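First up is the structure itself, then whatever we jot down about it.
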Amino acid sequence: MPAYIIVEIDIVDPVGYEGYKNLAGATVAKYGGKYIVRGGKTEVLEGDWKPKRIVVLEFESAQRAKEWLNCKEYREPRKMRHRTARTNMILVEGFAGLPGSRTHSQ
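Oh and the sequence shown: position 68 is 118 in my numbering, straight run, nothing missing.
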């Protein structure tokens, strides 16, 4: 079942964060992940949430997402992210669909 890492980001060092982005992408790809959302315009539809930047990553499973987050290749980029931005991050399992529906994962 796919899993998604959702990150809310408040960049405090834009130049340093660009360096992070340049390094992080290759590690995501190595672990089979892909960017679903990487920045882009946000619009609050309900509530008072005011995110500055949102990133959504998709992985084949929650286990694979955790392997990426804790891999040695991401260690230095992760430290760089911590220095250049304040983040909130969650892992969410995808929806397999309802039995018998066209969206049901076999």
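Every residue gets a Cβ at the ideal spot worked out from N, C-alpha and C, and that includes glycine. Since the model is a prediction, treat every value here as computed from it, not as a measurement.
| Asked | Found |
| --- | --- |
| C-alpha distance - alanine 79 paired with leucine 107, whole-angstrom precision | 10 Å |
| Short CB-CB distance (under 9 Å) between isoleucine 55 and chain D | You won't find chain D in this structure, because it holds only one protein chain. |
| Cβ contact check for the region 81-95 and the region 128-143: 3 or more pairs under 8 Å | no |
| Nearest residue (CA-CA) to arginine 103, options Thr77, Ala76, Ile61 | Ile61 |
| Sequence ranges, beta strand (DSSP E) only - wholly within the region 71-98, length at least 3 | 84-88 |
| Spatial distance of valine 105 from leucine 141 (CA atoms) | 12 Å |
| Separation of valine 65 from leucine 148, as counted between CA atoms | 45 Å |
| CB contact flag (alanine 74, glutamate 110, <9 Å) | no |
| Nearest-angstrom Cβ-Cβ length linking threonine 77 and tyrosine 124, presumed shorter than 8 Å | 4 Å |
| Under 9 Å between C-beta atoms of glutamate 143 and methionine 51 | yes |
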